[in-house]
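Just so you know, the sequence shown maps onto residues 1 to 414 in this note's numbering.
Report on the following structure.
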Amino acid sequence: MITADRFFHPFYHRMPAILGLFLLSGLLQAGDSKRPGSLHLAADFRYRAEAVDQEGFDRNALASTLRSRLTVTMTPAATWSWVLELDDVRALGAERYNSTSNGRSRYPVVADPEGTDLNRAALAWRGRGITLRAGRQRIAHGSERFLGGVAWRQNEQTYDGLRLRWEPADSWSMDASYVATVRRIFGPDDGAQPANWDGDSLFLRGEWQPAAGLTLRPFAYRVDVDPDAGFPPAATVDNSSDTVGVGGDWSAGPLTLEGAYARQWDQGASTLDYAAGYYLARAAYEHRGVRLELSREVLGGDKGSGFRTPLATLHKFQGWADVFLTTPAGGIEDTSLALEGGTRALSWRVVTHRFRAEQGNQEYGREFDLNVHWRLNDRLSLQFRFADFDGHGAGDDAFRDVRKAWFIARLALP
């Protein structure tokens with residue numbers, strides 16, 4: 001186990017880069033707003049130092065990376081628009097981490113491979129409550145528990161396909177997508193994981209507000225992944241599944257209740273044979289700017305396979321240490337307690353988790369998470385995040401101790 005001084009030292013010597021971004025932000029002027037017939041340019045820079053101390057590795061990982069993004073948006077008419085977006089991810093300094101493509105397997109994984117990628121290229125039409133978008137685009141549903149962009153990583157997950165959103169009334173809407181290719185965070189080139197998943201995936205989600213404060217969200221997801229000769233089924237076709245479920249929330253003053261239920265089974269070319277369930281129960285109470293949240297989330301297991309959410313923004317769920325990016329064969333129960341608050345400029349969140357098997361009484365471990373976000377101005381923000389997973393007593397070598405810390409500086413122009 002490393003000492004606190006060794007663990008946080010990498011962030012100290014990265015401070016000059018962070019201070020440079022701070023000084024640059026003071027020289028910037030606000031950009032023009034989007035208008036029909038105008039061309040809008042935007043740039044976004046995110047520097048991150050990520051340190052990982054993982055049991056089972058002799059070396060600790062340090063990933064110092066910069067993601068640079070250029071976005072061009074054109075609105076030739078009130079109903080039409082298009083967007084082009086380029087991303088570039090670069091390592092700054094020595095690569096003392098396993099990016100999944102640099103071959104440095106003696107270090108823990110930090111899944112931020114270098115590369116330049118066309119992140120988005122899409123054409124959109126809007127009219128009469130309908131939005132139709134074709135091309136490479138973001139698709140994020142709700143909390144991104146089942147479908148999202150994994151924007152926490154430096155290389156964002158985007159989708160090649162067609163998306164229709166229909167809002168015929170204020171009380172309900174429908175979102176439908178067909179996706180031919182998922183552009184994953186492991187790209188732009190193949191590494192230990194495939195950079196892209198080809199297939200014929202369909203995503204449906206509705207939203208209905210039958211009463212004040214109550215919202216229901218039925219959904220159906222077909223994730224279809226084609227075989228890839230360069231990778232085993234576990235990295236490709238075994239992620240194919242059908243999922244059907246419903247979620248919802250109810251708010252009354254300071255109290256919010258949220259729940260969800262889903263059922264999933266294998267489909268397509270998957271080599272698995274299972275049917276697993278999912279449910280979520282969450283209660284939150286807010287008082288004087290402080291929010292207390294109690295949550296229980298269960299991903300079931302069946303016939304040696306766990307409930308899968310391969311297109312989710314997984315870092316947001318089951319602890320920020322990312323120990324459970326794949327559901328264990330016996331399923332998982334995550335009981336968590338969170339406290340958050342802050343001001344307009346400074347926000348914070350503290351979370352504790354207890355993980356155990358959904359089938360049987362096996363304990364997987366506990367985790368403590370801390371996040372602090374500081375918005376210095378409209379363009380520059382700083383973030384510190386820490387995660388400490390303790391797998392002692394789990395009785396399974398797969399759940400070893402992990403400690404991670406991040407220091408992030410983000411600059412958005414204009």
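Where a beta carbon is used, it is the ideal one built from N, C-alpha and C, also for glycine.
This one's a predicted model, so the numbers in the text were calculated from it and none came from an experiment.
| Query | Result |
| --- | --- |
| Can you give the beta carbon distance from Thr-79 to Arg-35, rounded, assuming they're within the 8 Å contact cut? | Actually they are not in contact, since the Cβ atoms of Thr-79 and Arg-35 sit about 14 Å apart, beyond 8 Å. |
| Please state whether the Cβ-Cβ distance between Ala-276 and Gly-247 is less than 9 Å. | no |
| Are the beta-carbon atoms belonging to Glu-340 and Arg-263 less than 9 Å from one another? | no |
| In the structure shown, what three-state DSSP assignment does Asp-5 receive? | Reliability fails at Asp-5, whose pLDDT of 46 lies under 50, so the model's placement of it is uncertain and no value is given. |
| Is the region 42-57 close to the region 105-119, with three or more CB pairs under 8 Å? | yes |
| Output yes or no for whether 9 Å exceeds the beta carbon distance between Leu-123 and Ser-177. | no |
| With DSSP as the reference, label Ser-33 as helix, strand or coil. | Confidence at Ser-33 is low in this model, with a pLDDT of 46, below 50, so the placement of that residue should be treated as unreliable; the coordinate-derived value is given next. Three-state result, Ser-33: coil. |
| Would you kindly check if the distance between the Cβ of Ile-130 and the Cβ of Trp-166 is under 9 Å? | yes |
| Taking DSSP's pairing of strands, which residues face Ala-404 in a bridge? | Checking the sequence shown, residue 404 turns out to be Lys, not Ala. Answer is Val-52, Ala-387, bridged to Lys-404. |
| For Arg-356, I'd like the list of residues in its chain whose CB is within less than 7 Å of its CB, leaving aside the five on either flank, ordered along the chain. | Glu-333, Gln-362, Glu-363, Tyr-364 |
| Take the Cβ of Ala-409 as the centre, count every other Cβ of all protein chains shown within 10 Å, and call the residue buried at 16 or more, exposed below. | buried |
| Could you give the distance in angstroms between the alpha-carbon of Asp-401 and the alpha-carbon of Glu-367? | 10 Å |
| Please name the residue in Leu-280, Gly-127, Arg-136, Ala-192 whose C-alpha comes closest to that of Phe-146. | Leu-280 |
| Got a sec: does the ligand PLP put a non-hydrogen atom nearer than 8 Å to the Cβ of Leu-411? | By its list of ligands, the structure shown contains no ligand whatsoever, and the ligand PLP lies outside what it can speak to. |
| Return the residue from the list Arg-184, Arg-354, Gly-360, Leu-370 that minimises the CA-CA distance to His-392. | Arg-354 |
| With distances taken from CA atoms, which of Gly-37, His-287, Thr-65 is nearest Thr-256? | His-287 |
| Around the C-beta of Trp-320, are 16 or more other C-beta atoms found within 10 angstroms, so that it is buried, or is it exposed? | buried |
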